[in-house]
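Numbered per numbering that gives the first Met the number 0, the sequence shown spans residues 0 to 166.
Heads up: the structure comes next, in structure tokens.
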Amino acid sequence: MSINLRDITNENWLECIFLTTNKEDKHFVCEEFVASNALSLAQSKIQKGWITKAIYSDETIVGFTMYGYCEQYHFFEICRLMIDHKHQGKGYGKTALLQVIEEMRKDANCNEVFLSFEPNNFVAKQLYESIGFEDTSRMVEGEYLYKLPLKGINSSVMTDNCRRGEL
0 MSINLRDITN ENWLECIFLT TNKEDKHFVC EEFVASNALS LAQSKIQKGW ITKAIYSDET
60 IVGFTMYGYC EQYHFFEICR LMIDHKHQGK GYGKTALLQV IEEMRKDANC NEVFLSFEPN
120 NFVAKQLYES IGFEDTSRMV EGEYLYKLPL KGINSSVMTD NCRRGEL
């Protein structure tokens with residue numbers, strides 16, 4: 000399995016917006032735990048600072064992520080990370096998350112990464128804590144806010160583990 004992040008292009012944007020976490024393949028503006036990819040792409044064009052990427056397993060698009068500097072809260076954030084329902088449970092989310100963190104680390108101003116998730120999204124909570132995200136004891140728009148301090152985390156260890164899909 001080779002997971003990689005790729006730009007959203009004229010060749011893959013349509014396929015990207017039709018990815019869904021809905022097991023019935025129904026598409027909504029807001030899904031159970033995440034905004035749709037179409038909404039996220041629109042948001043990234045209106046609000047500056049967001050980077051959008053398609054998540055690929057070899058040559059198959061399996062997910063989507065949006066990350067960058069959040070002007071509203073003044074911190075670096077992984078705003079969206081989703082894996083299509085057909086590809087969940089294969090470790091793609093964890094590997095992609097580690098790759099996103101490595102991309103964010105390249106920004107000299109990024110000393111910590113924030114993300115948020117709904118209280119009943121236990122799978123996300125387990126994933127984020129397994130990587131080292133910590134509960135800030137704050138809520139943002141009804142979601143738990145977690146952070147990952149990047150100082151003191153060895154980048155080469157994370158990169159090696161990211162390549163292997165483990166931490």
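Note that CB positions come from ideal geometry on N, CA and C, so glycine has one too.
Since the model is a prediction, treat every value here as computed from it, not as a measurement.
Nearest residue (CA-CA) to S136, options K146, Y127 and S129: K146
task: Tell me whether F121 is buried or exposed, calling it buried when 16 or more other Cβ atoms sit within 10 Å of its Cβ.
output: exposed
- prompt: Which residues in the same chain have their Cβ closer than 7 Å to the Cβ of D134, if we skip the five residues on either side of it in sequence?
  reply: Y143 and Y145
task: Helix, strand or coil for S35, going by three-state DSSP, please let me know.
output: In the structure shown, S35 sits in coil (DSSP, three-state: anything other than H, G, I, E or B).
field: With 16 other Cβ atoms within 10 Å as the buried cut-off, status of N9
entry: exposed
message: Which residue wins for smallest C-alpha separation from Q71, given the options D57, I100 and F113?
response: F113
- prompt: Any idea what DSSP makes of A107, helix, strand or coil?
  reply: coil
- prompt: Roughly how many angstroms lie between the CA atoms of G62 and K150, to the nearest whole one?
  reply: 28 Å
message: According to DSSP, simplified to helix, strand and coil, what is Y66?
response: strand
query: A41 and T64: beta carbons closer than 8 Å?
result: No, they are not a contact pair.
query: If you run the structure through DSSP and keep just helix, strand and coil, what is K89?
result: coil
message: I'd like to confirm the pairing. Which residues does DSSP put opposite P148 in its beta bridges?
response: E111
- prompt: In angstroms, rounded to a whole number, what distance separates the CA positions of Y91 and D106?
  reply: 24 Å
- prompt: Beta carbon of Y55, beta carbon of I2: below 8 Å?
  reply: yes
query: What is the DSSP secondary structure of N1, counted as helix, strand or coil?
result: According to the sequence provided, residue 1 is Ser. The question's Asn does not apply to it. S1: coil per DSSP, three-state reduction.
message: Taking its Cβ as the centre, do 16 or more other Cβ atoms sit within 10 Å of N119, making it buried, or is it exposed?
response: exposed
- prompt: How would you call D159, buried or exposed, if buried means at least 16 neighbouring beta carbons within 10 angstroms?
  reply: In this prediction, D159 scores a pLDDT of 49, lower than 50, which makes its location untrustworthy; the coordinate-derived value is nonetheless stated afterwards. Exposed is the call here.
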